[in-house]
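The structure appears below as structure tokens.
Chains as they are written, first to last, in the numbering used here: chain P, 5 to 331; chain U, 110 to 539.
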């Protein structure tokens, strides 16, 4: 086990180097220079002097060849330094990301919890009522939801609840008068702003998980031990809860590992639509500003999480299912 | 028939597309899978076939209470249909999947005949003694005869044709609107100019309304169908080619080839699609829809590669492969003639789902502003305009529904295909 873990981790490290290098090369070779992008956004009377520009380029190794720039980035990273942002007034990258990550977590964590809480009973309901009209109707509805692109859903929801009905705010994380509100008022305000994005984040995974549970339950329910349980007179309810559902927990648990990257990365397009200043939006902005330090750090974060998530899924799988051994 | 330890230790195979796969205790499924072995050339097929038939009578004697009207449905033992014939029969019984297939066929028709449905260029016209098809210009600029540029038509045919050649005649599209420009006053008899800004709500002249610039939304959507379908097929064609090759090599050769290619798959999964597309813009002077398709294809092959790899690992130990090897077939022949044919069904399923996600990605990229440049009609770009002008509901509802229905249709087809070809699900269906 330990040997397996060490091997996997070493491979993952090597892959991280390859991924970050590739992305660094890609982003450095895209047209658009961060210095120019920043100048465009400044007012004409506050243009930086050529001297300042030169220093700026030196600070970020833009004057050096690409591989040197990458080497310096890696060297700083190994010392625990993610560098300074370019477009966010030179604030440390970790600080910029730290400011945004809370916003993303509000959306992703609440949507993940909602999806799990709602999909388990739904999945069990589907299994118990398999083949009935209600079950088929609900399944079809969920399947349609699963195919509904989140950005389309987001725009439809905005149109319905924000523009037409005027019940919920169109976008943003809080209202203009946020500072004057009491604490409960602030919570309520953020909750109101989060309703639409969270819905958009949730419905897809809800559809996915409930189908996932149903599919796994349908596999388990045909097993011999279920027939035995039925034969000895266990109540249907008990069969579903105790005999069948427990056996479907294995794939469900391993699924958690795979949701890890999505939890922190948010969604570029949804955060863009709802003007929600989270990680996804930061990613998009950093791409636009050619803010290499921020962009590289985000790519690093996603890759680490993706690789870790895969490893976690494999390990969790071996832990919960004794038939699988890691070698 | 060999069940591999590999099969039980790939929880990552639990892609959203195949929720039932993977973490399942061993079932007799693998036996059933050998039903689509019979494409081996070695003549061993007969033996394999008869053995399977003997051991699995319940599958061969497959008969479903046929939907009343069609009594020819039950499959007879003595009338072999082949694997795909049977899969097609099973697919046809699924009403939703068939509806979806019809919908996609309809979309294809709309795409092919888009210039004849909506346009401002005549389908056929006789001009100065020759017959022309100016509407082909919507497919490709250069297919529009140069004579019209030379005679300064400036893309307006209605008055110019008669004016420059009184004997000319033309057959016009069903609806006189253009996906690329605003139709002006007096161009077409009794048709007013398209409203601009936010006045263009749906009317009898603009069925789905107009954009703020006054371009007809219905026209953009009809012509955008072409893009949507092309994106799906071309990008998944690329993805399928790469994915199947990589997966086949990794699964067949195993060892270091597998280790290397598997890492490659994981690396590509980690690089964000947006970055790759931006990098493509960097290399190319201007981005067209074709570059976008290539980018989507180049990032979207990973799941196909994984699935192909899994199938190859399973099949490379099959008897028919040993037989082919004993006859002296080379690895290339074994991989792509013998194994791939038997692995085709499970690989086709993620391809179909991939088409759906390619359409979704294209819409999203256009929505974010990374799509093809403005004259190219795209569903996603109407959505983006709709978000900026959120009182114009028609800019959101119609393209949104179009993307949704297309994605749904492909997903339904994919699911139908999966249940029609996967013997495990096939039994579960009853």
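We put the CB at the ideal spot given by N, CA and C, even for glycine. What you are looking at is a predicted structure, and each value in this text was computed from that prediction instead of being measured.
Any Cβ of chain P within less than 8 Å of the Cβ of residue i?
i	result
residue 406 of chain U	no
residue 492 of chain U	yes
residue 477 of chain U	yes
residue 495 of chain U	yes
residue 156 of chain U	Any reading at residue 156 of chain U must be qualified, since the residue scores a pLDDT of 36, below 50, and its modelled position is unreliable; the value itself is stated next. Not closer than 8 Å to any Cβ of chain P, the Cβ of residue 156 of chain U fails to qualify, so no.
residue 147 of chain U	The predicted position of residue 147 of chain U is uncertain, since its pLDDT is 37 and thus under 50; no value can be drawn from it.
For residue i, name the three-state secondary structure that DSSP assigns.
i	result
residue 176 of chain U	Unreliable positioning characterises residue 176 of chain U in this predicted model, as indicated by a pLDDT of 46, which lies under 50. The coordinate reading is nonetheless provided below. Three-state DSSP puts residue 176 of chain U in coil, outside helix and strand.
residue 380 of chain U	coil
residue 88 of chain P	strand
residue 235 of chain U	strand
residue 301 of chain U	coil
residue 540 of chain U	Residue coverage of chain U in this structure runs from 110 to 539, which leaves residue 540 of chain U outside it and unanswerable.
residue 285 of chain U	strand
residue 263 of chain P	helix
residue 503 of chain U	helix
residue 77 of chain P	helix
residue 396 of chain U	coil
residue 69 of chain P	coil
residue 311 of chain U	coil
residue 120 of chain P	helix
residue 193 of chain P	helix
residue 319 of chain U	strand
residue 241 of chain U	strand
residue 54 of chain P	helix
residue 280 of chain P	coil
residue 326 of chain P	coil
residue 153 of chain P	coil
residue 279 of chain U	strand
residue 173 of chain P	coil
residue 367 of chain U	helix
residue 180 of chain P	coil
Taking the straight line between their C-alpha atoms, what separation do you get for residue i and residue j?
i	j	result
residue 73 of chain P	residue 28 of chain P	9 Å
residue 134 of chain U	residue 177 of chain P	No answer about residue 134 of chain U holds up, because its pLDDT of 40 lies below 50 and its placement is not dependable.
residue 233 of chain U	residue 302 of chain U	24 Å
residue 514 of chain U	residue 148 of chain P	9 Å
residue 179 of chain P	residue 192 of chain P	11 Å
residue 512 of chain U	residue 308 of chain P	33 Å
residue 467 of chain U	residue 195 of chain P	33 Å
residue 207 of chain U	residue 524 of chain U	11 Å
residue 463 of chain U	residue 516 of chain U	10 Å
residue 237 of chain P	residue 455 of chain U	39 Å
residue 9 of chain P	residue 15 of chain P	10 Å
residue 78 of chain P	residue 435 of chain U	52 Å
residue 343 of chain U	residue 457 of chain U	15 Å
residue 414 of chain U	residue 363 of chain U	14 Å
residue 327 of chain U	residue 501 of chain U	14 Å
residue 66 of chain U	residue 320 of chain P	Nothing can be reported for residue 66 of chain U, as the shown portion of chain U is limited to 110 through 539.
residue 491 of chain U	residue 249 of chain P	45 Å
residue 180 of chain U	residue 449 of chain U	Residue placement at residue 180 of chain U is poorly supported in this model, since its pLDDT is 49, which falls under 50; the coordinates still yield a value, given next. Cα-Cα distance, rounded: 35 Å.
residue 426 of chain U	residue 191 of chain U	23 Å
With 8 Å as the threshold, decide whether the Cβ of residue i is near any Cβ in chain U.
i	result
residue 5 of chain P	no
residue 306 of chain P	yes
residue 148 of chain P	yes
residue 177 of chain P	no
residue 165 of chain P	no
residue 206 of chain P	no
residue 300 of chain P	no
For residue i, verify whether its CB is less than 7 Å away from any heavy atom of the ligand NAD.
i	result
residue 246 of chain P	As for the ligand NAD, it is missing from this structure, which has no ligand bound.
*Taking a cut of 8 Å between CB atoms, which residues from the segment 366-380 of chain U lie near chain P?*
Cβ contacts with chain P come from 372, 375, 376, 378, 379 and 380.
*In the segment 500-528 of chain U, which residues sit with their C-beta less than 7 Å from some C-beta in chain P, listed in chain order?*
Answer set for the segment 500-528 of chain U: 500, 502, 505, 509, 512, 513, 516, 517 and 520.
*Going along the chain, which residues of the segment 448-481 of chain U sit with their C-beta nearer than 8 Å to a C-beta in chain P?*
Correct list: 465, 469, 472, 473, 476 and 477.
*Mind pulling the beta strand (DSSP E) runs of 3 or more residues that sit fully within the segment 202-236 of chain P?*
Within the segment 202-236 of chain P, no complete beta strand (DSSP E) run reaches 3 residues.
*Of all the residues that make up the segment 116-133 of chain P, which are near chain U by a beta-carbon distance shorter than 9 Å?*
Within the segment 116-133 of chain P, no residue has a Cβ that lies closer than 9 Å to any Cβ of chain U.
*Name, going along the chain, the residues of the segment 86-99 of chain P whose beta-carbon falls closer than 8 Å to a beta-carbon of chain U.*
For the segment 86-99 of chain P, there are no residues whose beta carbon sits under 8 Å from a beta carbon of chain U.
*chain U contacts made by the segment 136-160 of chain P, where a contact means CB separation under 8 Å*: Under the 8 Å Cβ criterion, the segment 136-160 of chain P contributes 144, 147, 148, 150, 151, 152, 153, 155, 156, 159 and 160.
*Could you give the uninterrupted runs of the beta strand (DSSP E) lying entirely in the segment 460-495 of chain U, keeping only those of 3 residues or more?*
Counting whole runs of 3 or more residues, the segment 460-495 of chain U contains no beta strand (DSSP E) stretch at all.
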